[in-house]
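Trainee: These protein sequence lines are chains W and R, in that order. 14 is the number that the UniProt record's numbering gives to position 14 of the first sequence; each next residue is one higher, with no gaps. 18 is the number that the UniProt record's numbering gives to position 18 of the second sequence; each next residue is one higher, with no gaps. Handing you a structure now.
2 protein chains.
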Amino acid sequence: MVQYSSPILDLSFAALSDATRRGIIDQLGRGAASITGLAERFQMTLTGMKKHVAILERAGLVVTHKAGRVRTCTLGERGLAAEAEWIEAHRMLFEARFGALDDIINELQREVRDGSAG
Amino acid sequence: MVQYSSPILDLSFAALSDATRRGIIDQLGRGAASITGLAERFQMTLTGMKKHVAILERAGLVVTHKAGRVRTCTLGERGLAAEAEWIEAHRMLFEARFGALDDIINELQREVRDGSAG
DNA sequence: GGAATACTGAACCATATGGTTCAGTATTAG
DNA sequence: CTAATACTGAACCATATGGTTCAGTATTCC
């Protein structure tokens, strides 16, 4: 079996797969915000927004701090380094695939070896 | 309301949020593979593997071609450009936050020290 | 033709999202 | 103390994942 487990990437790519959450990151890049502020900006109930923030927080992309009644959300310190690293490494894979097309064709012919033409 | 919709990023970040699917991309970077080949390598039923491949395909990350009985999977030509672009743009946001942190802290300390707004 | 191979689809199950409402709790303002 | 504000948690609903099994269909091999 092959193990490619990476809880951080699992959680953070999942967190980034929603447009609202990408918008929240965008917004927090312009300054800290409360749950209420984010909920208003994204036209959503407080409860709904809190769930999004919880998902971002679990992924380490957002940090929150409650002072009095107000929970303030900011971008996490972790940043997007792990995600960028994976993406960049695999961009090269994608590009290498088109560079190394001959090898791939050979591999294909060896594996399939059915001479299927059309 | 704010619109941050981007079906491509939705689908591809979601596709990348699973370790098995990241492994499949890894594997396809080393050469094309059949559903059966991938299913064996990742210890999974054909049906299960086909679902993963379908999710990668829907995101444009993988392309498949059926010749005879065999469906061959390869990396999609689209690559990871859109994902890389989003990540890089927002890495800067994250870093800008912490670059500006000194300023923010100074500002806060100044306000506290001066006892702003009695 | 008949059997093995490779995939496919439907159905099922458990869990997670993405959202809601409703009923609280804690904090701040008067 | 009272009231408003800001959040929180439980419960609910629909849909998507992540996996399975079981029953096909299409191809290839003998």
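All C-beta atoms, glycine included, are put in the ideal place defined by N, C-alpha and C.
#1: Express the C-alpha separation of W:R22 and W:R78 in angstroms, rounding to a whole number.
#2: Roughly how many angstroms lie between the CA atoms of W:I35 and W:L56, to the nearest whole one?
#3: How far does the beta strand (DSSP E) with W:L38 in it reach, from first residue to last?
#4: The region 73 to 85 of chain W: which residues have C-beta closer than 9 Å to a C-beta of chain R, in chain order?
#5: Are the Cβ atoms of R:A82 and R:I25 separated by less than 7 Å?
#6: Going by C-alpha distance, which of W:V63, W:E95 and W:R91 is nearest W:A32?
#7: In angstroms with no decimal places, state the Cα-to-Cα distance between R:A15 and W:K66.
#8: Nearest CA to the CA of R:A39: which residue from R:H52, R:M92 and R:R30?
#9: Looking only at its own chain, which residues have a Cβ that is under 6 Å from the Cβ of R:S6, when we skip the five neighbours before and after it?
#10: Output, in chain order, the set of chain W residues within a Cβ distance shorter than 9 Å of R:G29.
#11: Taking only beta carbons into account, state which residues of the region 32 to 44 of chain W come closer than 7 Å to chain R, listed in chain order.
#12: Any beta carbon of chain W sitting closer than 7 Å to that of R:L56?
#13: Would you mind giving the Cβ-Cβ distance between R:D10 and W:S17, rounded to the nearest angstrom? I have them listed as a contact below 8 Å.
#14: Can you tell me where the alpha helix (DSSP H) holding R:L56 begins and where it ends?
#15: In three-state terms, what does DSSP make of W:L9?
#16: Who are R:T64's beta bridge partners in DSSP?
#17: Are the C-beta atoms of W:A14 and some chain R residue less than 7 Å apart?
#18: On the premise that W:H90 lies in contact with R:G37, defined as a C-beta separation below 8 Å, what is that separation, rounded to the nearest angstrom?
Mentor: In brief:
#1: 16 Å
#2: 13 Å
#3: It is not in any beta strand (DSSP E) - W:L38 instead sits in the alpha helix (DSSP H) that spans I35 to R41.
#4: T74, L75, G76, E77, R78, G79, L80, A81, E83 and A84
#5: no
#6: W:V63
#7: 33 Å
#8: R:H52
#9: none
#10: H90, M92, L93, F94, A96 and R97
#11: Close to chain R, meaning a Cβ-Cβ distance shorter than 7 Å, are the following residues of the region 32 to 44 of chain W: R41, F42 and Q43.
#12: no
#13: 6 Å
#14: L46 to R58
#15: helix
#16: R:C73
#17: yes
#18: Not confirmed; about 20 Å, so no contact.
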